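K.L.:
To start, I am sharing the structure in question, which I have written as structure tokens.
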Amino acid sequence: MAFLRNTWYVAAWGSEIEVQQLFSRTLLNERILFFRDTVGRIQAIKDRCPHRFAPLSLGRHCGDAAAVRARRLLDKLIATEQATGERPHSGATA
Numbered sequence: 001m002a003f004l005r006n007t008w009y010v011a012a013w014g015s016e017i018e019v020q021q022l023f024s025r026t027l028l029n030e031r032i033l034f035f036r037d038t039v040g041r042i043q044a045i046k047d048r049c050p051h052r053f054a055p056l057s058l059g060r061h062c063g064d065a066a067a068v069r070a071r072r073l074l075d076k077l078i079a080t081e082q083a084t085g086e087r088p089h090s091g092a093t094a
């Protein structure tokens, strides 16, 4: 389906976007992440980490931004967390 770009679209109600929470929605076939900054203004960015292309909505709210912690050695980290309840040192190697 074709969409008009550079046009205003309703993305969400203000009440849907809570303080200290990330809110993701698909608009024009793109995932958009909404959050409130430290002043309470609503911000909207692509729901994609520019480094790893991971969805930012899987991360956490960090003041005026959203952040996703990249997980190296995902299988090893998950296994360690399940076995010990602790996260291994971030500098761990395979």
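All residue numbers for the sequence shown refer to the UniProt record's numbering, where the first residue is 1 and numbers rise by one.
Backbone N, C-alpha and C fix where the C-beta goes; we use that ideal spot for every residue, glycine too.
What you are looking at is a predicted structure, and each value in this text was computed from that prediction instead of being measured.
For Val25 and Val10, what's the separation of their Cα atoms in angstroms?
P.N.:
To locate residue 25, count along the sequence shown from 1; it is residue 25. To locate residue 10, count along the sequence shown from 1; it is residue 10. Here the sequence assigns Arg to residue 25, which means Val is not the residue at that position. Cα-Cα distance, rounded: 11 Å.
K.L.:
To which residues of the same chain is Asp37 closer than 6 Å at the C-beta, ignoring the five residues directly before and after it?
P.N.:
Locating residue 37 in the sequence shown gives position 37, counting from the first residue. The residues are Gln43, Asp64.
K.L.:
When burial is assigned at 16 or more other CB atoms within 10 Å of the CB, is Leu4 buried or exposed?
P.N.:
On the sequence shown, residue 4 is found 4 positions in, with the first residue counted as 1. That one is exposed.
K.L.:
Note down, one range per segment and in chain order, each beta strand (DSSP E) of at least 3 residues found wholly within the UniProt domain "Rieske" (8-69).
P.N.:
You should have 23-27, 30-36, 42-46, 60-62, 65-67.
K.L.:
Put Leu73 into one of helix, strand or coil per three-state DSSP.
P.N.:
Taking the first residue of the sequence shown as position 1, residue 73 is located at position 73. The predicted position of Leu73 is uncertain, since its pLDDT is 35 and thus under 50; no value can be drawn from it.
K.L.:
Taking just the CA atoms, how far does Val39 sit from Arg31?
P.N.:
On the sequence shown, position 31 is the one that residue 31 refers to. On the sequence shown, position 39 is the one that residue 39 refers to. Spanning the two alpha carbons is a distance of roughly 24 Å.
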